[in-house]
Amino acid sequence: MKRTQTFLAILLVVLAVSALLPVISSAECAHTYSWITTKEPTCSSYGTQKGTCTKCGATAVRQISYGDHNCNEPTCEKPGVCKTCGRTIKPKLGHSYGAPTCYSRGTCSRCGQENPHGSYTSHKFTTGSCVNTKKCYVCGYDTGKYGGHSMQPATCTKPSTCSLCGTTSGSTAPHQFQNGRCIVCGRRDDLINSLPDDDM
Ligand SMILES: [Zn+2]
Ligand SMILES: [Zn+2]
Ligand SMILES: [Zn+2]
Ligand SMILES: [Zn+2]
Ligand SMILES: [Zn+2]
Ligand SMILES: [Zn+2]
274 MKRTQTFLAI LLVVLAVSAL LPVISSAECA HTYSWITTKE PTCSSYGTQK
324 GTCTKCGATA VRQISYGDHN CNEPTCEKPG VCKTCGRTIK PKLGHSYGAP
374 TCYSRGTCSR CGQENPHGSY TSHKFTTGSC VNTKKCYVCG YDTGKYGGHS
424 MQPATCTKPS TCSLCGTTSG STAPHQFQNG RCIVCGRRDD LINSLPDDDM
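Mapping of the sequence shown onto the working numbering: residues 274 to 473, in sequence order.
As structure tokens, then:
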């Protein structure tokens, strides 16, 4: 009676334990681990992963090599520095100044800063006229100075006249008589009295 009870007790324990154990024993398992990251790597420290065998439940730990630096993008004036380790990873870019003009000493194509060491080019002025001031046709800077008149030559009917503003200069030119009449205005030559009356 007592032996039977003992045997049953042992049997129960064995059954209970074997129910908990997987079918394959850990020793002969070609483990297939499922890894989870237990510590993220940084640029200056290893990370760790814990693996659990999907077949036998055995566990293992492995290291993950250093991660990338957590670096901000460099700008014209600031280098790329890792937020984790503080090291300068990427050098600053430096400004990329464009060509200077009469109104800009050269502007950086990245940040828009004007080159403090640059120099302006000279203005490019229009010739101007008596009605238009001389201006820079690049930046529009106005000198306030007018150009000269566009004087047309004098004729027998009007003195030398500016074609733009109408200003006159001097006096009319002499008539150009041919055969007693001016070929420009048609006036009769008073000096020739023998000419017959206008029959036109
Ligand atoms: Zn296994
Ligand atoms: Zn770093
Ligand atoms: Zn810049
Ligand atoms: Zn200009
Ligand atoms: Zn004029
Ligand atoms: Zn005339």
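The beta carbon of each residue, even a glycine, is placed where N, CA and C say it ideally should be.
Exercise for the section: Output the distance between the C-alpha atoms of G385 and S395, rounded to the nearest integer angstrom. Expected result: Looking at the two C-alpha atoms, the distance is approximately 22 Å.
Under DSSP, the beta strand (DSSP E) around K312 begins and ends at which residues?
That run of the beta strand (DSSP E) goes Y306 to K312.
Alpha carbons only, please: which of T400, T361 and R378 is nearest the one belonging to G514? Here the chain comprises residues numbered 274 to 473, so residue 514 is not present and cannot be evaluated.
Exercise for review: Compute the beta-carbon to beta-carbon distance between C375 and C349, rounded to the nearest angstrom, for a pair I have assumed lies under 8 Å.
Suggested key: In fact, because the Cβ distance is near 24 Å, the residues do not count as touching under 8 Å.
Item to complete: Measure from the alpha carbon of C435 to the alpha carbon of each residue in G420, P447, H448 and H368, then state which is nearest.
Response: Nearest C-alpha to C435: G420.
| message | Here's a check: name, in chain order, each residue in its chain whose Cβ is nearer than 6 Å to the Cβ of A446, leaving out the five neighbours to either side. | response | Counting only Cβ-Cβ distances below 6 Å, and skipping sequence neighbours, we find A427, T428 and C429.
Considering only the alpha carbon of each residue, which of K431, L437 and F450 lies closest to S444?
Among K431, L437 and F450, the Cα nearest to that of S444 belongs to K431.
Exercise for review: Give me every residue whose Cβ sits closer than 5 Å to any heavy atom of ligand 2, in chain order.
Suggested key: The set of residues with a C-beta under 5 Å from any non-hydrogen atom of ligand 2 comprises C316, H342, C355, T357 and C358, given in chain order.
- Item | C381 at chain C interface by Cβ criterion, 7 Å | This model lacks chain C altogether, as it is built from one protein chain only.
Where G459 and N452 are concerned, what is the direct C-alpha to C-alpha distance, given to the nearest angstrom? Going from the Cα of G459 to the Cα of N452 covers about 11 Å.
(Q) Report the start-end ranges of each beta strand (DSSP E) in the region 393-441 that is 3 residues or longer and not cut off at the edges. (A) Qualifying beta strand (DSSP E) stretches, in chain order: 406-408, 415-419 and 433-435.
Point to revise | Closer than 5 Å to ligand 4: residues, by C-beta to nearest heavy atom, in chain order | key: Listed by position along the chain, the residues with Cβ atoms less than 5 Å from a non-hydrogen atom of ligand 4 are C375, H396, C409, V411, C412 and Y414.
Rounded to whole angstroms, what is the Cα-Cα separation between C455 and N405?
So the alpha carbons of these two residues sit roughly 37 Å apart.
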